[in-house]
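A.B. asks: Under my numbering, the first residue of the sequence shown carries the number 783, and numbering increases by one thereafter.
C-beta atoms are modelled at their ideal positions from N, C-alpha and C, and glycine is treated no differently.
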Amino acid sequence: MKWFLNLFFVVSLLGMFFLSIPRLSASMTGGAFELYADTFSIADGFASSTDYTLEGTGAFSSATSTGGAYELRGGFQAQEKGILTLSLSTTTLNLGVLSVSQVTTSSPVLVSVSTDSETGYSLSIAEDGNFRSGVHDINDVADNDVTAGNEEYGMEVTGTDRASTLPAGDQPVIGPGTTIANSTGGVTNRETTIKFLAAINSSVMGGLTYSHQVTFTLTVNP
């Protein structure tokens, strides 16, 4: 009897992260362009229309005023867009036919992250439920070691930024979210590798297609 298993990925990201210091001007966009922090002027003002918003900033002199509970910085301020990007080497995996005599390991999924955030990033993974086919499922690994002849499913996480909160060995893929990688500063094309592993015993229902969906979420650290 054969066990047919497929693992499907649905990727959900937070999108591009935009970072600026206290906002003193706005960007203006239209059909095929965007002008970020597009103007400064002697007088501050705000204008808008169907296609854009424009906020000017300025002052006759630049100075810093302080008080018991505040600091006011006058003059023109720099504007900067932050960077937060994530890419996956694949969005669909197929584990193929499982065997009682061996552990089946997926092709690696390379998750590449870039950010210029001074506080770094956190990457988490969540699932929509157990690796399953209808009412039948394969148990999450509980001993951090997916072993041939046991009913177990999990993932292996490797990379420079592998989260220190993860125990050594194989990890269960559980919801609503487990942090698998993070950093304390900016990174460029930093990769974390995830492999998915499955093992079965004779009690696992054969002739079925098992699947689930996982979601990667990337955020900037506060």
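Figure out for me which residue from Gly989, Asn971, Glu933 and Leu866 has the closest Cα to the Cα of Asn912.
C.D. replies: Position 130 of the sequence shown holds residue 912. Minimum Cα distance to Asn912 is reached at Glu933.
A.B. asks: Give the secondary structure of Gly936 by DSSP, where H, G and I count as helix, E and B as strand, and everything else as coil.
C.D. replies: Residue 936 sits at position 154 when you count from the first residue of the sequence shown. Three-state result, Gly936: strand.
A.B. asks: Please report the distance separating the alpha-carbon of Leu866 from that of Val893.
C.D. replies: The residue given as residue 866 occupies position 84 in the sequence shown. The residue given as residue 893 occupies position 111 in the sequence shown. Between Leu866 and Val893, the C-alpha separation is close to 13 Å.
A.B. asks: For the structure I just gave you, are there three or more beta carbon pairs, one from the stretch 954-966 and one from the stretch 880-888, closer than 8 Å?
C.D. replies: No: fewer than three Cβ pairs fall under 8 Å.
A.B. asks: Just checking, does the stretch 941-955 make contact with the stretch 872-879 on the three C-beta pairs under 8 Å criterion?
C.D. replies: no
A.B. asks: Should Phe917 go down as buried or exposed, given a rule of 16 or more other Cβ atoms within 10 Å for buried?
C.D. replies: Numbered from its first residue, the sequence shown carries residue 917 at position 135. First, the amino acid is wrong: residue 917 is Val here, not Phe. The residue is exposed, with fewer than 16 neighbouring Cβ atoms inside 10 Å.
A.B. asks: Which residue or residues does DSSP assign as beta-bridge partners of Glu909?
C.D. replies: Here the question's residue 909 lines up with position 127 in the sequence shown. DSSP output for Glu909 lists Val996 as bridge partner(s).
A.B. asks: Select from Pro890, Asp910 and Asp919 the residue whose C-alpha is nearest the C-alpha of Met937.
C.D. replies: Taking the first residue of the sequence shown as position 1, residue 937 is located at position 155. Comparing Cα-Cα distances from Met937 to each of Pro890, Asp910 and Asp919, the minimum goes to Pro890.
A.B. asks: Give me, in chain order, the residues of the same chain whose beta-carbon lies closer than 7 Å to that of Ala945; leave out the 5 immediate sequence neighbours on both sides.
C.D. replies: One-based indexing of the sequence shown puts residue 945 at position 163. Correct list, in chain order: Thr961, Ile962, Ala963 and Asn964.
A.B. asks: Shortest alpha-carbon distance to Ser869 belongs to which of Met987, Asn971 and Gly941?
C.D. replies: On the sequence shown, residue 869 is found 87 positions in, with the first residue counted as 1. Of the listed residues, the one whose Cα sits closest to Ser869 is Asn971.
A.B. asks: Cβ of Ser904 within 8 Å of Cβ of Thr975?
C.D. replies: Translated into positions along the sequence shown, residue 904 becomes position 122. Translated into positions along the sequence shown, residue 975 becomes position 193. In this structure, Thr975 does not lie closer than 8 Å to Ser904 by Cβ.
A.B. asks: I need the straight-line Cα distance from Asp910 to Phe978, nearest angstrom please.
C.D. replies: Along the sequence shown, one-based indexing puts residue 910 at 128. Along the sequence shown, one-based indexing puts residue 978 at 196. Each residue's Cα considered, the two are about 16 Å apart.
A.B. asks: Report the rounded CA-to-CA distance for Ala924 versus Ile982, giving the unit in angstroms.
C.D. replies: Reading the sequence shown from its first residue, position 142 is the one you call residue 924. Reading the sequence shown from its first residue, position 200 is the one you call residue 982. Taking the straight line from one Cα to the other gives about 14 Å.
A.B. asks: Check the DSSP bridge columns for Ala980 and list the partner residues they point to.
C.D. replies: For the purposes of this step, residue 980 is identified with residue 198 of the sequence shown, where counting begins at 1. According to DSSP, Ala980 bridges with Thr886 and Tyr935.
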